[in-house]
Structures are given as C-alpha cells and as structure tokens.
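Per this note's numbering, the very first residue in the sequence shown carries number 2; after that it's consecutive. We put the beta carbon where it would ideally sit given N, CA and C, even for glycine. One structure is given here, and the rest of the page talks about it.
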Amino acid sequence: MKNDVYETNPKSPVAAAHIPVSPVNSSQEKKGGDVVIVTDCAKDDKQLNDMIERFRAVLKYRSRIVNISEYPFQGGCLGCLNCAATEKCIYKDGFDDFLRKNIQTADAIIYAFSIKDHSMGSIFKMYDDRQFCNGHRPVTMGKPIGYLICGNYPSETNLQIIVEGRSEVGGNFLTGVACDEINPDEEIDRLASRLDYAISHKYVQPRNFYGVGGMKIFRI
C-alpha cells in the first residue's frame, strides 16, 4: 500500500490443461470454397495438429494449411517504408506475393498456434510484422477469421485483446476462438459452424470501440 493505492498480488500462472481432442471422420460433402489455416505448427505438436485435423473434418468447406514455419523468411520488417510507394517489400524472399496469392485470396482465414511466452510466438510475430507490405489498407476486410489456440487462452488477457482488436481494425468478423482448456471438441465444432454461417451469409458485424478507434487512427 502506498498513498492509499492498493495492488493485488499477481496470480501464479496456471498450467495449461491441454484436454485431448477427439478424432472425427469427415463423412460429409464439402461445399467448395477456400478456407486457409495459417499455422506455425511443428510436426511433433500433436495437440495442435489434432485440433487442426478435427476442425478440418467438421468444417463444411474445403480447407488447406499454410505452415509459415516452413517459409524462408529473410528477416523481420525493417520499417523502411519501401513498400509504401511500391507495394513491394525490400526483402527479395517473395513474401508479399506469397501473402497476396496464397492467404489473402481465401474466403476465410483461421489462425492456429500454441501459446508461447504469452504470445503467438516469434514466427507469427515476424509474419504479422511483414504484413506491413499492405500498408494501412484493410485488404481482407469482410473475410471472417477464427482461431485454434493450444494453451491457457482464458488466462491470457493481453492476447485476448490482440485477437479481438486485430479482427475489429481489419473489418473481419471474429467467428470464435477454440482452445483446449475446457471442452475443445465442442469449441472446435462451434467455430466451424459459425464460420459456415459467416461465409454463407457474408456476415459483417458492426464495429466496436477497437474497430472505430482503429479506423480513425489508421484512416481506413
């Protein structure tokens, strides 16, 4: 206590539950379409792989995986603003073209990752930074997005704000976040169902504080 200001002791971090995901066979015809799952999933990350596989099985649309851990990034964003005039990144690794042809063309985007150091991890950090080649243009506006998260997401307040804020500023309907803390099977199935509705009805949700504030700051 100091100057009548009280601070509570921070709670000790709770270990992630990592409740196993039940496998399911896909017996339904896919509607077509294109849902891209952007992930940095390692081959030995069984839990995240299982979450992705169940999601793909219950999803009514065709899906594909883009594993950004396999992309030959030459480095992170330099902040040089070379792309501001040319729309081309100063790096010659072709990421700007890869992003526009393989990810931004999809009908919806799902991000799948395991929580690392209270964040999405260093590979996703580089991926996000390099997207500055888009400038402040909301190039995926109107496309629904969702998340498959392995880890104790309910206790990661900062990460929750980032997930919500990014979808709002980008003009993307957040169809949901499925994690493996309580009931991963139900959450994954619900995410697939909400994504189906959002794509079928081209659903766009009104912006909240983050969306309106971001629009004013970035002049979108």
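Contact check, residue i vs residue j, beta carbons under 8 Å
i	j	result
ILE38	SER64	yes
LEU100	ILE146	no
VAL59	ALA199	no
ILE124	LEU149	no
MET127	GLY77	yes
ARG131	CYS90	yes
VAL75	ASP98	The residue you asked about is not Val; residue 75 is Gln in the sequence shown. Not closer than 8 Å, so no.
TYR62	LYS102	no
TYR72	PHE96	yes
GLY177	ARG195	yes
GLY34	CYS84	no
DSSP beta-bridge partners of residue i
i	result
THR40	ASN68 and ALA113
ALA179	LEU149
Cβ-Cβ separation, residue j to residue i (assumed contact under 8 Å), whole Å
i	j	result
GLY152	ILE116	3 Å
CYS42	ALA109	Actually they do not touch by this definition, with Cβ atoms about 18 Å apart.
SER23	ASP190	Between ASP190 and SER23 the Cβ distance is about 10 Å, and since that is not below 8 Å, they are no contact.
HIS119	LEU160	7 Å
LEU211	GLU157	Checking the sequence shown, residue 211 turns out to be Tyr, not Leu. Contact flag wrong, Cβ pair sits at about 17 Å.
ALA86	VAL36	About 33 Å separates the two Cβ atoms, so there is no contact after all.
THR40	ILE66	6 Å
LYS144	ASN173	6 Å
GLU88	CYS134	7 Å
Beta carbon proximity, residue i to chain C, threshold 8 Å
i	result
ILE189	In the displayed structure, chain C is absent; only one protein chain is listed.
Practice prompt. Report the residue ranges of all alpha helix (DSSP H) runs contained in full by the region 87 to 122; include only those spanning at least 4 residues, in chain order.
Written response: Within the region 87 to 122, complete alpha helix (DSSP H) segments of at least 4 residues are found at 96 to 103, given in chain order.
Practice prompt. State whether the region 48 to 56 contacts the region 171 to 186, with contact taken as three or more CB pairs (one from each stretch) at a distance under 8 Å.
Written response: A contact exists between the region 48 to 56 and the region 171 to 186.
Worksheet item: If you scan the region 154 to 218 from start to end, which runs of the alpha helix (DSSP H) of 4 or more residues do you find wholly inside it?
Response: Listed in chain order, the complete alpha helix (DSSP H) runs (minimum 4 residues) inside the region 154 to 218 are 158 to 171 and 185 to 202.
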